[in-house]
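Those protein sequences? They're chains P and C, same order as listed.
In terms of the working numbering, the numbers along the first sequence are unbroken and rise by one, the last being 491.
In terms of the working numbering, the numbers along the second sequence are unbroken and rise by one, the last being 491.
By construction, the Cβ of each residue, glycine as well, lies at the ideal position given by its N, Cα and C atoms.
Protein chains: 2
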Amino acid sequence: MKIVFATNNLNKLKEIQQILPTSIELLSLKDIGFSGEIPEDHETLEENAFQKAQYIFDRYKISCFADDTGLEVESLNGAPGVYSARYAGDDCAAENNMKKLLSEMQGKANRRAAFKTVVAFVTDTEKCAFKGIAIGEILNEKHGDKGFGYDPIFKPEGYDVSYAEMSSLEKNKISHRGKAVRKFTDYISLMS
Amino acid sequence: MKIVFATNNLNKLKEIQQILPTSIELLSLKDIGFSGEIPEDHETLEENAFQKAQYIFDRYKISCFADDTGLEVESLNGAPGVYSARYAGDDCAAENNMKKLLSEMQGKANRRAAFKTVVAFVTDTEKCAFKGIAIGEILNEKHGDKGFGYDPIFKPEGYDVSYAEMSSLEKNKISHRGKAVRKFTDYISLMS
Numbered sequence: 300m301k302i303v304f305a306t307n308n309l310n311k312l313k314e315i316q317q318i319l320p321t322s323i324e325l326l327s328l329k330d331i332g333f334s335g336e337i338p339e340d341h342e343t344l345e346e347n348a349f350q351k352a353q354y355i356f357d358r359y360k361i362s363c364f365a366d367d368t369g370l371e372v373e374s375l376n377g378a379p380g381v382y383s384a385r386y387a388g389d390d391c392a393a394e395n396n397m398k399k400l401l402s403e404m405q406g407k408a409n410r411r412a413a414f415k416t417v418v419a420f421v422t423d424t425e426k427c428a429f430k431g432i433a434i435g436e437i438l439n440e441k442h443g444d445k446g447f448g449y450d451p452i453f454k455p456e457g458y459d460v461s462y463a464e465m466s467s468l469e470k471n472k473i474s475h476r477g478k479a480v481r482k483f484t485d486y487i488s489l490m491s
Numbered sequence: 300m301k302i303v304f305a306t307n308n309l310n311k312l313k314e315i316q317q318i319l320p321t322s323i324e325l326l327s328l329k330d331i332g333f334s335g336e337i338p339e340d341h342e343t344l345e346e347n348a349f350q351k352a353q354y355i356f357d358r359y360k361i362s363c364f365a366d367d368t369g370l371e372v373e374s375l376n377g378a379p380g381v382y383s384a385r386y387a388g389d390d391c392a393a394e395n396n397m398k399k400l401l402s403e404m405q406g407k408a409n410r411r412a413a414f415k416t417v418v419a420f421v422t423d424t425e426k427c428a429f430k431g432i433a434i435g436e437i438l439n440e441k442h443g444d445k446g447f448g449y450d451p452i453f454k455p456e457g458y459d460v461s462y463a464e465m466s467s468l469e470k471n472k473i474s475h476r477g478k479a480v481r482k483f484t485d486y487i488s489l490m491s
């Protein structure tokens, strides 16, 4: 069975290739000849993930999955949420996003936050979304240099270190993305 | 694991109870204390099925599934489709719906049609829809008295009889609803 991962992130592609059963042939956007941007203009992670997977499925008729991730901070009423990747403006670097978030959080006593990933999968007869959540808190400053995005300022509940201070193996075990991806790979392994 | 079936149709409830693994405790709307109508006002089967399952999940926080079915006739540009149950008006009997469809089909050479069911399932971390399709044709008149809805005028491809001339066991093996329900029960059996 062939499936496309609708992402331009090669690290994500490599990561999931290692988890999928060998009966699945994983294709990249490049493999199917798609280049350009996939629209992503909804207001929830789930809608965005479905939009991306459906967009590719509709054009290539190959089963497709996509993911979307957001960081929801309690004292900011859920911001940056679905806008996490572009919190400090379009095409902005993770550094700027973190800087903005740390500045918004100055003086806030409640630093609770939830990292959420939704993986959406679309075939001709199925449409499934799997959500993974990690609860934690926003640190006062950056810690560690591993990972990406907001990892240096997110400390998962029950740990003394940030995501960026963990190995990717360690982080994937407990992370929002790891949880959602495992639900999806369980699904594809069992149902295919 | 407890799941609710968001339907007021006791036959459907009984049918699915026989297929589900014993580890699943199936609850009816009555079991959870819900009475009344669940809104169903979207324009696709999938949206309606999700709407019904989500409506109950949001109120009771118990995993819930719902189904929606439509008959799409090629020469009527896909009508009655999502409006199949109310084709001849609100709260109308199957007899009136069939009468209207037979009348609309008078003189049409192309009688191809597709029966479609979508089963949607909603939990706190998953949202899945499973589609079942049966291709066939609209007969010139009613045949048989089994089944329900449009069954007497739908002849599935590869068969010489209508749905309403088949035993429920025989029909379920090949029907749109049987296919969607089996995908869902596979899912719940494997993933729970």
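Here the alpha carbon of P:Ile302 sits roughly 5 Å from the alpha carbon of P:Ser362.
In this structure, C:Phe304 lies near C:Phe364, with their beta-carbon atoms less than 8 Å apart. Taking the CA atoms as reference points, C:Lys399 sits about 12 Å from C:Ala384.
Only those residues of the region 412–436 of chain C whose C-beta falls short of 7 Å from the nearest C-beta of chain P are listed: Thr424, Glu425, Lys426, Cys427, Ala428, Phe429 and Lys430. P:Gly448 is not a Cβ neighbour of P:His475, given a cutoff of 8 Å. Closer than 8 Å to the CB of C:Glu345 there is at least one CB belonging to chain P.
By the neighbour-count criterion, in which a residue is buried when 16 or more other Cβ atoms sit within 10 angstroms of its Cβ, C:Pro379 is buried. Checking the DSSP bridge columns, you'll see C:Leu370 partnered with C:Gly380 and C:Phe414. For C:Thr343, the closest C-alpha among the options C:Ile355, C:Arg358 and C:Asp366 is that of C:Asp366. Cβ-Cβ distances below 6 Å link P:Val421 to Ala352, Gln353, Phe356 and Cys363 in the same chain, with the five nearest sequence neighbours on each side left out; the list follows chain order. In this structure, P:Glu456 places its C-beta atom within 8 Å of the C-beta atom of P:Gly435.
For the C-beta of C:Met465, not a single chain P residue is nearer than 7 Å; the gap to the nearest is close to 23 Å. For C:Gly477, the enclosing alpha helix (DSSP H) starts and ends at His475 to Met490. What P:Leu489 touches in chain C, judged by beta-carbon distance under 7 Å, is Leu489 and Met490, going in chain order.
Burial of C:Thr416 is indicated by the presence of at least 16 other C-beta atoms within 10 angstroms of its C-beta. Around P:Asp485, the beta-carbon contacts reaching into chain C at under 9 Å are Leu489 and Met490. Taking 8 Å as the upper bound for CB-CB distance, P:Ile437 and P:Val372 are in contact here, some 6 Å apart. A Cβ-Cβ contact shorter than 8 Å links P:Ala428 with P:Phe349.
When C-alpha distances from P:Glu403 are compared across P:Thr424, P:Asn439 and P:Ala393, the shortest belongs to P:Asn439. One alpha carbon belongs to C:Lys407, the other to C:Tyr486, and they sit about 40 Å apart. Taken through DSSP and simplified to helix, strand or coil, P:Phe333 comes out as coil. The C-beta separation of C:Ser488 from C:Met300 comes to about 11 Å, leaving the pair out of contact by the 8 Å criterion.
For C:Lys482, a Cβ of chain P is located within less than 8 Å of the residue's own Cβ. With 16 or more other Cβ atoms inside 10 Å of its own Cβ, P:Ser461 counts as buried. C:Pro451 carries a helical assignment under DSSP once its states are collapsed to helix, strand and coil. Around the beta carbon of P:Leu328, a 10 Å sphere encloses 16 or more other beta carbons of the protein chains shown; the residue is thus reported as buried. For C:Glu436, the enclosing beta strand (DSSP E) has its first and last residue at Glu425 to Ile437. Beta-bridge pairing by DSSP links P:Leu326 to P:Val303. Excluding its 5 nearest sequence neighbours in each direction, C:Asn396 has C-beta neighbours in its own chain below 6 Å: Tyr386 and Ala387, listed in chain order.
Scanning its chain for C-beta atoms nearer than 8 Å, with the 5 sequence neighbours on each side dropped, one finds around C:Ile318 the residues Val480, Arg481 and Thr484, in chain order.
According to the DSSP assignment, P:Arg358 belongs to the alpha helix (DSSP H) that extends over Leu344 to Tyr359. In this structure, DSSP gives C:Ala463 a helical state, which the three-state scheme calls helix.
C:Ala419 and P:Phe453 have their alpha carbons spaced roughly 34 Å apart. Contact annotation: P:Ala463 and P:Gly477 have beta-carbon atoms that are not nearer than 8 Å. Pairing C:Ala393 with C:Pro320, the inter-Cα distance amounts to about 33 Å.
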